[in-house]
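Asks: The structure follows.
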Amino acid sequence: MNDMSSTPVRKIIHVDMDAFYASVEQRDNRELRGKPVAVGYAAARGVVAAASYEARKFGVHSAMPSVTARRKCPELIFVPPRFDVYKAVSRHIREIFAEYTPMIEPLSLDEAYLDVTHNLKGMEIATEIALEIRGKIKQVTGLNASAGISYNKFLAKMASDLNKPNGQAVITPKNGPAFVEQLPVEKFHGVGPATAEKMHRLGIETGADLKEQTLDYLTQHFGKSGPYFYGIARGIDNRQVKPDRVRKSVGAEDTFAEDIHSYEPAREGLQPLIEKVWGYCEANEIGAKTVTLKVKFADFTQITRSKTVPMPLPAIGDLEELVGLLLAPIFPPRKGIRLLGVSLSSLERRAPVAEPQLRLAL
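Sequence positions in the sequence shown follow the UniProt record's numbering and run 1 to 362.
Written out as C-alpha cells, the structure is:
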C-alpha cells in the first residue's frame, strides 16, 4: 500500500470483541444462548452495560436505562456483571495480541489498537494477521471478535464496525478519503450526539461537508477538536498506537437530549460513563485515587466536584459510591443539567494480579 507521503504506510488493526460482557455470560451459561440478554440490573435505576445480539434486534443497547430496555424487550434476561471474569478473559486476549506485536493500546477490556507494521511474525499482510488473531481468540476464549484494518487509528476503528459481528474489513489509503466523504458525521468516532447536532446546525451532514470547512472554521466552532476533525475529513490521522501509556487522567462525558432536574436520571446517565472510565483503567492495569464529577447546567455554567482517597479504588462499586456521594449534594439543581462527566486522575500503574486459569464452558 502506498501513501501520499514518503513515509511508509502504517498497518493498524482495531480489534473489538462482539457484545463482550453478554457473550461471556452466554458462553458460561448454556441456558442464555440464543436468548436476549442484558448485563446489568433490572432495578428502576439500572442501566444496561452490554446487550447480546438477540437483545439488540429489539433496539436494546448499552447505556440504555433498564426500564426502557425491558419495555422494548419484555423477554429480556438481566444478568449481573462479573467484572473479575471479563478482566481475566481480557488478559488472555491481550496475551494473544502480544504474540504478534508489542504495540498494543487497549481502549477498554474489549477493544484495542495494534500496530502490526513491524510484527513479531514477519507477516506482510495485516488482514491475514487480523484473521489469525480472531481465530486464536475464538480458540482460546470461545468468543467472537471483529476487526478493522487500515493505515490509521480512525479508519481502523471505523472499519471494525463494517462487518460486525464476527467479521473484518479493510480500508486502504486508496479508498480511505472516499469512505470518509460518504460517512454521516454521527457515525464518526469522536463525534458524540451533541457534537453531531452542532454539526447539523452548521450544515455539516457528511464527511464531504466536513472536508469543505477550513481549519480555522472548525477550530472556531469545535475548539481543540477542530484539527482532529479537519484531518479525519481527509482520511488523515497521525495518532500513534501508544502501548503502556499512563495518562494524567481519563474521563468521559455526555450531553443529554433533555435537561435533567432530578437525581435518579442523573445517576442513571452517569453509569455508562463510570463503566467506560473504569474499563479503560482495568484494561491498562491503572489505579486511580481522584474522582472528579463535572456538571454543566442549561445556562452553560459548569462546576466540578472532586474526592481523593488514600489508596487507588479497588473496585467499580467503590467508584460508583464516590460518584453518588459527589452527585447527591447538587440536587435540587438551580438550573437543569445538560451535561455530566466523570474523570479519574492521580493515576498509577498497578502490578498485574495472577489470574486463576479459566475453566471455559464451551
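Note that CB positions come from ideal geometry on N, CA and C, so glycine has one too.
These numbers were taken from a predicted model, which means no experiment stands behind them.
Hey, Phe179 and Leu210: beta-carbon distance below 8 Å or not?
Replies: For the purposes of this step, residue 179 is taken as residue 179 along the sequence shown, with counting starting at 1. For the purposes of this step, residue 210 is taken as residue 210 along the sequence shown, with counting starting at 1. No; because the gap between Cβ atoms is not below 8 Å, this pair is not in contact.
Asks: Put Pro193 into one of helix, strand or coil per three-state DSSP.
Replies: Counted from its first residue, the sequence shown places residue 193 at position 193. Helix.
Asks: With a threshold of 6 Å on Cβ separation, who are the neighbours of Met123 within its own chain once the five nearest residues in sequence on each side are excluded?
Replies: Position 123 of the sequence shown holds residue 123. So the list reads Ile129, once near-sequence residues are dropped.
Asks: Starting from Asp84, follow the alpha helix (DSSP H) in both directions and report where the run begins and ends.
Replies: Walking along the sequence shown from the start, residue 84 turns up at place 84. Counting along the chain, the alpha helix (DSSP H) containing Asp84 begins and ends at Phe83 to Ala98.
Asks: Just to confirm my understanding: we take Asn284, look at its own chain, exclude 5 residues before and 5 after, and list those with CB closer than 7 Å. What are they?
Replies: Residue mapping note: residue 284 aligns to position 284 of the sequence shown, counting from 1. Pro106, listed in sequence order.
Asks: Start and end of the beta strand (DSSP E) containing Glu212?
Replies: Along the sequence shown, read from residue 1 onward, the residue named residue 212 stands at position 212. Where Glu212 is concerned, there is no enclosing beta strand (DSSP E), given that its DSSP letter is neither H nor E.
Asks: Taking 8 Å as the threshold (C-beta atoms), are Gly226 and Leu218 in contact?
Replies: On the sequence shown, position 218 is the one that residue 218 refers to. On the sequence shown, position 226 is the one that residue 226 refers to. Yes, the Cβ-Cβ distance between Leu218 and Gly226 is below 8 Å.
Asks: Could you check what DSSP says for Met64 in three-state terms: helix, strand or coil?
Replies: Position 64 of the sequence shown, counted from the start, is the residue given in the question as residue 64. DSSP places Met64 in coil when its eight states are reduced to three.
Asks: Any idea if Gly59 is buried or exposed, counting beta-carbon neighbours within 10 angstroms, 16 or more meaning buried?
Replies: Taking the first residue of the sequence shown as 1, we reach residue 59 at position 59. Classification of Gly59: exposed, given that the 10 Å Cβ count is below 16.
Asks: So who's on the other strand from Asp254, going by DSSP bridges?
Replies: Within the sequence shown, the letter at position 254 stands for residue 254. Its beta-bridge partners are Leu340.
Asks: Please give me, in chain order, every unbroken run of the alpha helix (DSSP H) with length at least 4 that falls completely inside the stretch 228–291.
Replies: 263–283
Asks: What is the DSSP secondary structure of Val9, counted as helix, strand or coil?
Replies: The residue labelled residue 9 in the question sits at position 9 within the sequence shown. In this structure, Val9 counts as coil in the three-state DSSP scheme.
Asks: In the DSSP assignment, find the alpha helix (DSSP H) that holds Ile330 and state where it starts and stops.
Replies: Along the sequence shown, read from residue 1 onward, the residue named residue 330 stands at position 330. Per DSSP, Ile330 belongs to no alpha helix (DSSP H) and is neither H nor E.
Asks: List the residues that DSSP assigns as beta-bridge partners of Met17.
Replies: Locating residue 17 in the sequence shown gives position 17, counting from the first residue. Met17 pairs with Ala145.
Asks: Considering only DSSP beta bridges, list what residue 369 is partnered with.
Replies: Summary: the structure shown does not reach residue 369, with the chain confined to residues 1 through 362, and so no result is reported for it.
Asks: Could you please give the first and the last residue of the uninterrupted alpha helix (DSSP H) stretch that includes Glu31?
Replies: As a working note, residue 31 is residue 31 in the sequence shown. Element bounds for Glu31: n/a, residue is neither H nor E.
Asks: Under 8 Å, with one C-beta from each stretch per pair, do the stretch 56–76 and the stretch 88–96 reach the 3-pair mark?
Replies: no
Asks: Is the stretch 154–163 close to the stretch 7–22, with three or more CB pairs under 8 Å?
Replies: The stretch 154–163 vs the stretch 7–22: in contact.
Asks: With a CB to CB cut of under 7 Å and the five nearest residues on each side skipped, what residues in its chain are close to Ser146?
Replies: Here residue 146 corresponds to residue number 146 of the sequence shown, with the count starting at 1. Closer than 7 Å at Cβ, skipping near neighbours: Asp16, Asp18, Ser160, Asn163, Lys164, Pro165, Asn166, Gly167 and Gln168.
Asks: Is Val309 near Gly251, with beta carbons less than 8 Å apart?
Replies: Residue mapping note: residue 309 aligns to position 309 of the sequence shown, counting from 1. Residue mapping note: residue 251 aligns to position 251 of the sequence shown, counting from 1. Taking 8 Å as the Cβ cut-off, Val309 and Gly251 do not qualify as a contacting pair.
Asks: Looking at the secondary structure, which residues open and close the alpha helix (DSSP H) in which Glu181 lies?
Replies: Mapped onto the sequence shown, residue 181 falls at position 181. Gly176 to Gln182 is the extent of the alpha helix (DSSP H) around Glu181.
Asks: Identify whether Arg45 lies in helix, strand or coil by the three-state DSSP scheme.
Replies: Counting from one through the sequence shown, the residue named residue 45 turns up at place 45. Coil.
Asks: In its own chain, which residues sit with a C-beta less than 6 Å from the C-beta of Tyr151, not counting the 5 before and 5 after it?
Replies: The residue given as residue 151 occupies position 151 in the sequence shown. Val9, Arg10 and Pro173, listed in sequence order.
Asks: Measure how close the beta-carbons of Pro177 and Arg234 come, nearest whole angstrom, since I'm counting them as under 8 Å.
Replies: One-based indexing of the sequence shown puts residue 177 at position 177. One-based indexing of the sequence shown puts residue 234 at position 234. The C-beta distance from Pro177 to Arg234 rounds to 6 Å, short enough to fall under 8 Å.
Asks: Residues in its own chain within less than 7 Å of Arg70 by CB, not counting five upstream and five downstream?
Replies: Numbered from 1 along the sequence shown, position 70 holds the residue referred to as residue 70. Counting only Cβ-Cβ distances below 7 Å, and skipping sequence neighbours, we find Ala42 and Leu76.
Asks: If we call anything under 8 Å between Cβ atoms a contact, is Tyr100 one with Phe20?
Replies: In the sequence shown, counting from the first residue as 1, residue 100 sits at position 100. In the sequence shown, counting from the first residue as 1, residue 20 sits at position 20. No, these two residues do not count as a Cβ contact at 8 Å.
Asks: What first and last residue would you give for the alpha helix (DSSP H) that runs through Ala156?
Replies: What you label residue 156 is simply residue 156 of the sequence shown in a count that begins at 1. Unbroken alpha helix (DSSP H) run through Ala156: Lys153 to Ser160.
Asks: Taking Cβ positions only, does Arg91 come closer than 8 Å to chain B?
Replies: The structure shown has no chain B; it contains just one protein chain.
Asks: Can you check whether the CB of Thr127 is closer than 8 Å to the CB of Ile149?
Replies: The count along the sequence shown starts at 1 and reaches residue 149 at position 149. The count along the sequence shown starts at 1 and reaches residue 127 at position 127. Cβ atoms of Ile149 and Thr127: closer than 8 Å.
Asks: How would you call Asp84, buried or exposed, if buried means at least 16 neighbouring beta carbons within 10 angstroms?
Replies: Reading the sequence shown from its first residue, position 84 is the one you call residue 84. Looking at its Cβ environment, which holds fewer than 16 other Cβ atoms inside 10 Å, Asp84 is exposed.
Asks: Mapping DSSP to helix, strand and coil, what is Ile133?
Replies: What you label residue 133 is simply residue 133 of the sequence shown in a count that begins at 1. Three-state result, Ile133: helix.
Asks: What do you get for Gly203, buried or exposed, if any count of 16 or more other CB atoms within 10 angstroms of its CB means buried?
Replies: One-based indexing of the sequence shown puts residue 203 at position 203. Exposed, because fewer than 16 other Cβ atoms sit within 10 Å of the Cβ of Gly203.
Asks: Can you tell which of Asn175, Arg349 and Met103 has its C-alpha closest to the C-alpha of Ser249?
Replies: Sequence index remark: in the sequence shown, residue 249 carries index 249 (1-based). The shortest C-alpha separation from Ser249 is found at Arg349.
Asks: Looking at the secondary structure, which residues open and close the beta strand (DSSP E) in which Ala169 lies?
Replies: As a position in the sequence shown, residue 169 is number 169, starting the count at 1. In the DSSP assignment, Ala169 falls within the beta strand (DSSP E) that extends over Gln168 to Ile171.
Asks: CB Val323 to CB Ile274, shorter than 8 Å?
Replies: Counting from 1 along the sequence shown, the entry for residue 323 is found at position 323. Counting from 1 along the sequence shown, the entry for residue 274 is found at position 274. In this structure, Ile274 lies closer than 8 Å to Val323 by Cβ.
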